[in-house]
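**Q** Numbering (our numbering), first residue to last: 43 to 291. Beta carbons: idealized from backbone N, C-alpha and C, even for Gly. The structure's right below; bear with me while I get my questions together.
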C-alpha cells in the first residue's frame with residue numbers, strides 16, 4: 043500500500059505541444075534589367091502625369107512633319123538586318139512622293155525659329171542635333187526600327203493632302219520605343235507606375251521638355267553652341283539614300 047501511494051503522488055508529464063510549421067517565405071519579384079540598360083543608365087525625369095519629355099511633344103504642323111522625316115532618316119541610316127533594304131527603299135520613296143511637302147515643312151519650321159529672334163540659327167541647329175541624337179539612341183534600336191519600317195510601309199499610300207495627319211499619329215509611334223525604354227528602367231528601379239495615355243498636342247501650348255513652349259519657339263537670348271556627346275549620324279556609304287530629291291538636304 044505504501045509503495046502504491048508513493049507512485050500515485052508523482053506529477054503527470056506535460057503534454058507535448060507541436061508547433062505549426064513556419065510558412066514558406068514569399069518570393070520577392072525583382073524586375074529584370076531592361077535590354078540595353080545598365081546600373082548607370084540615365085533617363086529623363088518624368089512629368090507629373092508620368093509621361094516622359096522628348097523632342098517630339100507640342101509641335102507645330104511643320105515641325106511634326108519634319109521631325110517624322112528626321113526619325114525615318116535615322117532609321118534609313120542606322121537600321122540593319124532583314125528590314126534594312128525595305129526601310130531604305132521606303133525612305134527614298136517618301137522623299138520622292140512628298141518632296142514638295144517636306145521642303146515646305148522645313149522652310150516653315152526654320153521660319154518659326156527665325157521669327158523668335160535672337161541667334162535663331164544656332165538654336166535651330168542645336169534642336170536638330172538633339173533630335174538626331176534622340177532617334178539614334180541604341181537602347182531601343184530594334185523596337186524603333188520595327189516601328190519605322192511599319193510607318194514607311196504605310197506612308198506609301200498616303201496622299202499629299204493627308205501627310206500632316208499621318209505625321210501627327212506616326213510620330214507618336216516613333217517616339218514610343220524610347221519612352222517605353224525609359225519607363226522600363228524606372229520600373230526596374232521601382233519608381234514607375236503603369237504607362238499613362240499621353241496626348242501629343244498639336245498647335246497648342248505646353249512644354250515639350252526640350253525647351254520649346256507654345257506654337258513656335260520662344261524668343262531667347264543668344265547663347266553658345268551646345269556640345270553634344272553623340273555626333274549627328276553621318277551617311278553610311280553602303281546605303282543608297284537618295285537625298286537629291288530634297289535639293290541636297
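What's the gap between the Cα of residue 214 and the Cα of residue 231?
**A** Between residue 214 and residue 231, the C-alpha separation is close to 25 Å.
**Q** Quick check on residue 61: buried or exposed, where buried means 16 or more other Cβ atoms within 10 Å of its Cβ?
**A** Residue 61 should be labelled exposed.
**Q** Determine the direct distance from the alpha carbon of residue 118 to that of residue 197, and round the result to whole angstroms.
**A** Those two C-alpha atoms are separated by around 14 Å.
**Q** How would you label residue 52, buried or exposed, when you count the other beta carbons within 10 angstroms and need 16 or more for buried?
**A** Flag for residue 52 reads exposed.
**Q** Buried or exposed: where does residue 203 fall if 16 or more other Cβ atoms within 10 Å of its Cβ makes it buried?
**A** Looking at its Cβ environment, which holds fewer than 16 other Cβ atoms inside 10 Å, residue 203 is exposed.
**Q** Could you tell me which uninterrupted alpha helix (DSSP H) segments, each at least 4 residues in length, are contained entirely in the region 87-165, listed from first to last along the chain?
**A** For the region 87-165, whole alpha helix (DSSP H) runs of length 4 or above, ordered along the chain, are 103-120, 126-139 and 141-157.
**Q** Starting from the C-beta of residue 131, find all residues in its chain whose C-beta is less than 6 Å away, skip the five residues before and the five after it, and write them out in chain order.
**A** Within the same chain, residue 131 has no close Cβ partners at all.
**Q** Can the beta-carbon of residue 3 be found closer than 8 Å to that of residue 127?
**A** Because residue 3 is not part of the residues shown, which for the chain are 43 to 291, the question remains open.
**Q** DSSP state of residue 58, grouped into three classes?
**A** It is coil, neither helix nor strand.
**Q** What would DSSP say about residue 210, mapped onto helix, strand or coil?
**A** DSSP places residue 210 in helix when its eight states are reduced to three.
**Q** Distance, Cα to Cα, residue 89 vs residue 150?
**A** The alpha-carbon atoms of residue 89 and residue 150 are separated by roughly 29 Å.
**Q** When you compare each of 59, 91, 104 and 63 to residue 153 by their alpha carbons, which one comes out closest?
**A** Answer by Cα proximity: 104.
**Q** By Cβ distance below 7 Å, which residues in the same chain neighbour residue 194 in space, the five residues on each side in sequence not counted?
**A** Cβ neighbours of residue 194 beyond the five flanking positions: 114, 129, 132, 133 and 136.
**Q** Restricting to Cα atoms, I'd like to know which of 178, 144 and 180 is closest to residue 206.
**A** It is 144.
**Q** Identify, in the order they occur along the chain, each residue of the same chain with its Cβ nearer than 6 Å to the Cβ of residue 185, setting aside the five sequence neighbours on each side.
**A** Same-chain partners within the cutoff: 219.
**Q** Given that a residue counts as buried once 16 or more other Cβ atoms are within 10 Å of its Cβ, and exposed if not, what is residue 123?
**A** Residue 123 should be labelled exposed.
**Q** My output table needs one value for residue 197: the three-state DSSP class, helix, strand or coil.
**A** Three-state DSSP puts residue 197 in a helix.
**Q** How should residue 57 be labelled, buried or exposed, when 16 other C-beta atoms within 10 angstroms of its C-beta is the threshold for buried?
**A** It counts as exposed.
**Q** Quick one: Cα of residue 59 to Cα of residue 67, how far?
**A** In a straight line, the C-alpha of residue 59 is about 24 Å away from that of residue 67.
**Q** Residues in its own chain within less than 7 Å of residue 76 by CB, not counting five upstream and five downstream?
**A** Counting only Cβ-Cβ distances below 7 Å, and skipping sequence neighbours, we find 223, 226, 227 and 230.
**Q** Can you give me the C-alpha to C-alpha distance between residue 170 and residue 142, rounded to a whole angstrom?
**A** Answer to the nearest angstrom: the Cα atoms are 20 Å apart.
**Q** Relative to the alpha-carbon of residue 181, which residue among 146, 209, 93 and 78 has its alpha-carbon at the smallest distance?
**A** Residue 78 is the option with its Cα nearest to residue 181.
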